[in-house]
Amino acid sequence: MNQVNIAERSPRDLREFRPSNFKREIDLLTTSLRELNEMLQGLRNDTARDEASFRVTNPDGAHALAVGIDAPLDVEIAGHVGYYCGGMNKWARIVIDGNAGPGVGENMMSGLIHVRGDASQCAGATAHGGLLLIDGNASARCGISMKGVDIVVKGDIGHLSGFMGQTGRLVAFGDAGEALGDSLYEARIYVRGKVESFGADCIEKELRDEHRAELFALLRQAGEAHRVDVSEFRRYGSARKLYNFHIDNTGAY
Amino acid sequence: MDAMEKAWGYIPPRPSATFDKHAIAEIRRAAATGIYDIRGGGTKRKVPHFDDLLFLGASMSRYPLEGYRERCDTSVVLGARFAKKPIELAIPVTIAGMSFGALSAQAKEALGRGAGLAGTSTTTGDGGMTPEERGQSRTLVYQYLPSRYGMNPDDLRKADAIEIVVGQGAKPGGGGMLLGQKISDRVAQMRSLPMGIDQRSACRHPDWTGADDLEIKILELRELTGWEKPIYLKIGASRPYYDVALAVKAGADVVVLDGMQGGTAATQDVFIEHVGIPILAAIRSAVQSLQDLGQHRKVQLIVSGGIRSGADVAKALALGADAVAVGTAALIALGDNDPKYETEYQALGTTAGCYDDWHEGRDPAGITTQDPVLTARLDPVLAGRRLANYLKVITLEAQTIARACGKSRLHNLEPEDLVALTVEAAAMTRLPLAGTSWIPGL
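Those protein sequence lines, which keep their order, are chains A and B.
When the count follows our numbering, it moves up by one through the first sequence with no breaks and lands on 1615 for the last residue.
When the count follows our numbering, it moves up by one through the second sequence with no breaks and lands on 676 for the last residue.
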């Protein structure tokens, strides 16, 4: 059994996504976290479009909002969210109209999570699929241990971003902090700005036409294709020198 | 015969107690290979253990129960603190987390079968949940590890409980290790890694640090699973009093406490032998922590690390644990280190009973390997039956002791039933030294 592609499908194209004009409004001042999540998790693929669109108000930094959704819902959260918003998401398009706390989109499998503000640490941690789009900056360890997700950050990414990244792509329009891509496996990193320093086994690699095309396609999915020139990015990946232990490499850690 | 021998008689060569043959061999091996020793299993050195305790049994002041007639309940409920669907096990002996990857698919299936037959749970490991394992396990605990290999919401919801792994007894503070020889195509796919690489898992969780974050992580896991599943928290025995207190504070339903005798699939020998404390030294502190918080028997305590017999089970429960977990013993029950493969063990430079190079993937018994020729040697049905037999025997042994102490439930065993044989064990367990009323340190 092949469990590599456990993400069900590629992320939605933001430009083609047409949410319903009708959005059911859920006010977290009067609805509990449990009630919200239970309702969202209870909806399945056959949910009618008009019943699959939600606007969540007064999140006030609540944790674990909209986690574990298993249907192509459209969830807009009007405000800042706490830890783990959209955790383990499948299929859904979740838009956070504010900042996101640590671990936004952690372990997401598919769908799209769009943070209109900044994201705290560990955005997209261990995520297997889908697209995580962050309009602002992402803090430390963005894409830590990523396993197939695509992450596009329109600002800067903090230190140790891409740490132990296994597969998937991490894109930053701005700068990257210290120790980018430390102990990287096969995740691919594209940064347009400057990189403070590389982590163990992370190196710059040539940006060839196929990579420009890959990056363009990814940015197109994110609705950003024509806003930046893909040639301005640099590509980073694993030198693969630490894949098998050797005593003479211990100084690399 | 030289002149000195004539004068004084034979003078045998004197080995150094400090530089003994193992220390010398290790220095020579390090110099020759340029790599530290990696092996499986738990500590091999002698440490204070359950053997250092004895039951007093019934006599004039207590009366025993009839061994074969009067009931002695063995069931245990785990996870009733917050979970809507706590787990009820027929016996207080669970199977510890061991990964597909470290173990063959057949071995994982056998663990599920054996545990099911005995009415207890089995646990996944650092490699995700396989369909064989889920299919054959009546009650399956899904480990939530730093690596999150294969972690996904569907498997999470298929689990009967979730065990957040902070650490394990063989290597508190260390991450997983699975060397290239065992990263087969299927293992690599389940872990989203290239084949053949040395996979060194993270030692910390990627998206939380400390007990305050963990509280939110537990909230997320409960929200993901509708507050149905018990949340276990597994820690390596090191600072049990405070670690257990923090686990309770973070919202765990069950604490799993693993001593340094607990096995690992592969870790540096120096880590196994020098980090962490024996389970005997950890239980009373953990129980005290629960008691101080008013959570003893409300948050269940599962202890592991060197559990072999029903006596060990009974002693752990008498010290205040709610259940135990077995790993190494379960593998032996399946057929690990079977003397019938002695010739092959010798070819690997070891002998049956000592084989611990589980990371090399050449296990003659077909358990700690991904080699299809070797794995085919293990019949999951037969091995599962052997495990069930073993689990039932040690439960019966524990009942035998409990009845002798006059207990109609295994969980009615208590510290008062025990004494210590050594001063060290007495101090660690806060039990009186046998024949005295002296508890060192109190």
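Cβ coordinates follow ideal geometry from the N, Cα and C atoms, glycine included.
- Against chain A, a Cβ distance below 7 Å from A393 of chain B picks out nothing, because the smallest value is about 13 Å.
- Proximity of S1394 of chain A to chain B, defined by a Cβ-Cβ separation below 7 Å, is not satisfied.
- With contact defined as three or more Cβ pairs closer than 8 Å, the region 479–499 of chain B and the region 535–543 of chain B are in contact.
- The beta-bridge partner set that DSSP reports for E322 of chain B consists of B:V311.
- Per DSSP, I506 of chain B is one residue of the alpha helix (DSSP H) stretching across D503 to H508.
- Distance check between K392 of chain B and each of B:Y383, B:S371, B:G407 and B:A257 places B:S371 closest, using alpha-carbon atoms only.
- Boundaries of the alpha helix (DSSP H) around I517 of chain B: I513 to D526.
- For T562 of chain B, the enclosing alpha helix (DSSP H) has its first and last residue at T562 to L568.
- Residues of the region 445–462 of chain B whose Cβ lies closer than 8 Å to any Cβ of chain A, in chain order: D447, I450, K451, L453, E454, E457, L458, T459, G460 and W461.
- Contact between G496 of chain B and G403 of chain B holds, since their C-beta atoms are separated by about 4 Å, short of 8 Å.
- If you compare the alpha carbons of A:E1558, A:S1593 and A:K1556 with that of E1572 of chain A, the shortest gap goes to A:S1593.
- Between the region 396–414 of chain B and the region 432–449 of chain B, the count of Cβ pairs shorter than 8 Å is three or higher; the stretches touch.
- Between M332 of chain B and chain A, the shortest Cβ-Cβ separation is not below 7 Å.
- When Cβ pairs closer than 8 Å are counted between the two stretches, the region 358–376 of chain B is seen not to touch the region 1468–1485 of chain A, the count staying below three.
- Residue state for E631 of chain B is assigned as helix, using DSSP reduced to three classes.
- Chain-order list of chain B residues neighbouring C1484 of chain A: P440, D441 and W442, by C-beta distance under 9 Å.
- Between S338 of chain B and T603 of chain B, the beta carbon gap of about 6 Å places them in contact (Cβ cut-off 8 Å).
- Taking C-alpha positions only, V1418 of chain A is separated from G1491 of chain A by approximately 24 Å.
- Straight through space, the alpha carbons of G618 of chain B and R347 of chain B are spaced by roughly 5 Å.
- The beta carbon of P387 of chain B sits closer than 7 Å to some beta carbon of chain A.
- Between the C-alpha atoms of F505 of chain B and W592 of chain B there is a straight-line separation of about 16 Å.
- Taking a cut-off of 8 Å for Cβ pairs, the region 445–452 of chain B and the region 413–424 of chain B do not touch, as fewer than three such pairs fall below it.
- Secondary structure within the region 1511–1596 of chain A: the alpha helix (DSSP H) runs of 4 or more consecutive residues, fully enclosed, are 1571–1583 (chain order).
- Take A292 of chain B, set aside five residues on each side of it, and the residues of its chain with a beta-carbon closer than 8 Å to its own are P298, A638, C639 and G640, in chain order.
- Residues of chain B whose Cβ lies closer than 7 Å to the Cβ of Q1583 of chain A do not exist; the shortest such Cβ separation is about 21 Å.
- Proximity of chain B to N1606 of chain A at the Cβ level (cut-off 9 Å) is accounted for by L413, G414, G430, I431 and D432, in chain order.
- With respect to G1423 of chain A, G1444 of chain A sits close: the two C-beta atoms are nearer than 7 Å.
- Using a Cβ-Cβ cut-off of 7 Å, S418 of chain B does not count as an interface residue toward chain A, since no Cβ of chain A sits closer than that to its own.
- R368 of chain B has a beta carbon lying at 7 Å or more from every beta carbon in chain A.
- Rounded to whole angstroms, the gap between the alpha carbons of T328 of chain B and R262 of chain B is 40 Å.
- Counting along the chain, D419 of chain B sits inside the alpha helix (DSSP H) bounded by residues D419 to R425.
- Three or more Cβ pairs drawn from the region 1547–1554 of chain A and the region 1530–1539 of chain A lie within less than 8 Å of each other, which places the two stretches in contact.
- K280 of chain B counts as exposed, since fewer than 16 other C-beta atoms from the protein chains shown sit within 10 angstroms of its C-beta.
- Taking 7 Å as the threshold, the shortest C-beta distance from I469 of chain B to chain A does not fall below it.
- For L290 of chain B, the closest of B:A654, B:L676, B:A395 and B:L612 by C-alpha to C-alpha distance is B:A654.
- L1569 of chain A sits away from V1557 of chain A, with the two beta carbons spaced by 7 Å or more.
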